[in-house]
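Asks: Protein chains in written order, with this note's numbering: chain X, 19 to 229; chain W, 19 to 229. For each residue, glycine too, the CB sits at the ideal point set by N, CA and C. None of the values given here were measured: they were computed from a predicted structure.
Number of protein chains: 2
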Amino acid sequence: MQDSDHPTRTALIRAALRQFGSEGFEAASTRAIAAEAETNISSIAYHFGGKEGLRLACADFVAARIGKVAKLGPGDPAMLDRNAARSVLRRLLRRIVLFTTSPASELFVSFLLRELAQPGSPVTERIFATLIESRHRALCRIWQAATGRPAESDDVRLAVFSVVGQAVYFRLAAPVVQRRMRWGGYPPFAVRAVVKRLVFNLDAILEAEHG
Amino acid sequence: MQDSDHPTRTALIRAALRQFGSEGFEAASTRAIAAEAETNISSIAYHFGGKEGLRLACADFVAARIGKVAKLGPGDPAMLDRNAARSVLRRLLRRIVLFTTSPASELFVSFLLRELAQPGSPVTERIFATLIESRHRALCRIWQAATGRPAESDDVRLAVFSVVGQAVYFRLAAPVVQRRMRWGGYPPFAVRAVVKRLVFNLDAILEAEHG
DNA sequence: GTCTATAAACAGATAGAC
DNA sequence: GTCTATCTGTTTATAGAC
Chain X
19 MQDSDHPTRT
29 ALIRAALRQF
39 GSEGFEAAST
49 RAIAAEAETN
59 ISSIAYHFGG
69 KEGLRLACAD
79 FVAARIGKVA
89 KLGPGDPAML
99 DRNAARSVLR
109 RLLRRIVLFT
119 TSPASELFVS
129 FLLRELAQPG
139 SPVTERIFAT
149 LIESRHRALC
159 RIWQAATGRP
169 AESDDVRLAV
179 FSVVGQAVYF
189 RLAAPVVQRR
199 MRWGGYPPFA
209 VRAVVKRLVF
219 NLDAILEAEH
229 G
Chain W
19 MQDSDHPTRT
29 ALIRAALRQF
39 GSEGFEAAST
49 RAIAAEAETN
59 ISSIAYHFGG
69 KEGLRLACAD
79 FVAARIGKVA
89 KLGPGDPAML
99 DRNAARSVLR
109 RLLRRIVLFT
119 TSPASELFVS
129 FLLRELAQPG
139 SPVTERIFAT
149 LIESRHRALC
159 RIWQAATGRP
169 AESDDVRLAV
179 FSVVGQAVYF
189 RLAAPVVQRR
199 MRWGGYPPFA
209 VRAVVKRLVF
219 NLDAILEAEH
229 G
């Protein structure tokens, strides 16, 4: 965190996020990152101690940004009635899709997914503990309110993963999807189509949970 | 393809597949690959011309393997009645999940997904054209038979992606899922639980398509 | 075909001037 | 804080012995 408004510092984080995200941590070179940030290679050592420090700074940056977007509501999900819980789920899913398909957040998401795909990554631990687990738990509680099924059962956990996973997939497999759909990127009409389909799926699943 | 039963050659491909898949193409070193294959670094240049040639050989290997597993049935999907089409979809989804979660194919899937996530990868083009597009098209035709909706509409294409995407997600996000579920890897009972959930989702979606 | 030895380019880190 | 210059190690590729 620290003084995150230092210009060189943030320029480096932004450039690193892009290159780590698009090429992977090991493949990205500090030289190229410094060049993109229009500064010197030594700035990385000065500001972050080294390449690994820059990686952690990127993780904190992403975690802070996502923490804001995916803020948990203050209310207790257990208090929601069935229909309220369902519309909360719909709204959250819509936000997740808008987030994962937006070009602005492509950097964050790609970086994050690459890190999370590596079990041993030093970044994985922190982000999982601070961001993912608590939010997944919260979604499970909302799922319980929406369906009456126990929040911490294996099947409810998997249900939540399967719904969120659909949205994540459209970012991860973006090149494949976009080629098959003949889309360049995710223009607004494409995002609307994806949202519509995934909300439809969610409603179908909730409906089938018992009617 | 060529003589794929040469021992050193296949040992190199197998080792490369593992290292490319788990660490990424750029991050993996030819030295480590040769060591794992218990041969000399120069064998890579001899058999494949270089690191990039080894990458393409891995792609062909994976494509051949997946082509066998995901063989398209000879019959025309348009001939299926609604219930037959639905059970074909269920069966295919089950096979996809079994494939993506099996430890044996973890290598192939990880390698493939890494390659497909890179739009510019030289491997992407070939695999997309020879494997993915034709199978996605076939699934869309089966989806049409199962729901009556036009196979090449945007929404049906997205529906197929969303269902397949769920299965792919459980491989891509395996570290996250397994940590949250407190699973080590995907033991048989876990695979059964995932299959059960995803088939449930599929049935729910098909049911909602119009009843 | 498989090996050793080495070349040429690249990486990240660091010392020190300003 | 930002720069140049350089150190040290590692990478892929290749020449040539066997």
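1. Please report how far the alpha carbon of Ala10(X) lies from the alpha carbon of Arg100(W), in whole angstroms.
2. Is the beta carbon of Ala163(W) less than 7 Å from the beta carbon of Leu110(W)?
3. Starting from the C-beta of Val209(W), find all residues in its chain whose C-beta is less than 6 Å away, skip the five residues before and the five after it, and write them out in chain order.
4. Going by other Cβ atoms of all chains shown within 10 Å of its Cβ, with 16 needed for buried, is Asn219(X) buried or exposed?
5. For the putative contact between Val212(W) and Leu176(X), defined by C-beta atoms under 8 Å, what is the C-beta separation to the nearest angstrom?
6. Pull up the distance between the alpha-carbon of Ile145(W) and that of Arg83(W), whole angstroms please.
7. Is there a Cβ of chain X sitting closer than 7 Å to that of Tyr204(W), yes or no?
8. Distance, Cα to Cα, Ser40(W) vs Leu157(X)?
9. Would you say the segment 60 to 67 of chain X touches the segment 61 to 78 of chain W, given that touching needs at least three Cβ pairs under 8 Å?
10. Are any of the Cβ atoms in chain X nearer than 7 Å to that of Leu134(W)?
11. If you count every other CB in all the chains shown that lies within 10 Å of the CB of Phe207(W), and 16 or more means buried, which is it?
12. Return the residue from the list Ala29(W), Arg73(W) and Gly42(W) that minimises the CA-CA distance to Ala53(W).
13. Among Val194(X), Ile62(X), Ile150(X) and Pro140(X), whose alpha-carbon lies nearest the alpha-carbon of Val178(X)?
14. What separation, rounded to the nearest whole angstrom, lies between the Cα atoms of Asn58(W) and Ala34(W)?
15. Mind checking Gly42(W): buried by the 16 CB within 10 Å criterion, or exposed?
16. Using the rule of at least 16 other Cβ atoms within 10 Å of the residue's Cβ for burial, across every protein chain shown, is Phe38(W) buried or exposed?
17. Report the three-state DSSP secondary structure of Phe207(X) (helix, strand or coil).
18. Round the Cβ separation of Arg159(X) and Ala169(X) to the nearest angstrom and send it over; I've been treating them as touching at under 8 Å.
19. Give the range of the alpha helix (DSSP H) segment to which Gln269(X) is assigned.
20. If we ignore side chains and look at the alpha-carbon of each, how far apart do Gly202(X) and Gln196(X) end up?
21. Got a sec? Which residues, its chain only, sit under 7 Å from Val231(W) by beta carbon, not counting five neighbours each side?
22. For Ile114(X), collect the residues of the same chain with a Cβ closer than 7 Å to its Cβ; drop the 5 residues on either side in sequence, then sort them by chain order.
23. Pick helix, strand or coil for Thr57(X), following the three-state DSSP scheme.
24. Assuming Leu134(W) and Arg36(W) are in contact, meaning their beta carbons sit under 8 Å apart, how far apart are those beta carbons, in whole angstroms?
25. Closer than 6 Å: is that where the CB of Ala46(W) sits relative to any heavy atom of the ligand SAH?
26. Taking 7 Å as the CB-CB cut-off, is His24(W) touching chain X?
27. Let me check understanding here. Comparing Cα to Cα, which of Tyr187(X), Thr142(X), Arg153(X) and Arg215(X) lies closest to Glu171(W)?
Replies: Result, derived from the coordinates:
1. Look at the range of chain X in this structure, 19 to 229, and you will see that residue 10(X) is not part of it.
2. With contacts defined by Cβ atoms closer than 7 Å, Ala163(W) and Leu110(W) do not form a contacting pair.
3. Cβ within range, chain order: Thr119.
4. buried
5. That belief holds up - the Cβ atoms of Val212(W) and Leu176(X) are roughly 6 Å apart, short of 8 Å.
6. 12 Å
7. Closer than 7 Å: no.
8. 30 Å
9. no
10. yes
11. exposed
12. Ala29(W)
13. Nearest C-alpha to Val178(X) among Val194(X), Ile62(X), Ile150(X) and Pro140(X): Ile150(X).
14. Going by the C-alpha atoms only, they are around 13 Å apart.
15. buried
16. buried
17. helix
18. 5 Å
19. This structure gives no information on residue 269(X), because the portion of chain X shown stretches from 19 to 229.
20. 6 Å
21. Because chain W in this structure spans residues 19 to 229, residue 231(W) falls outside the shown range and cannot be described.
22. Val182 and Ala185
23. coil
24. Not confirmed; about 18 Å, so no contact.
25. Absence of the ligand SAH from the depicted structure is noted, as is the absence of any ligand whatsoever, leaving it without description.
26. no
27. Residue identity differs from the one stated: residue 171(W) is Ser in this sequence, not Glu. Comparing Cα positions, the closest option is Arg215(X).
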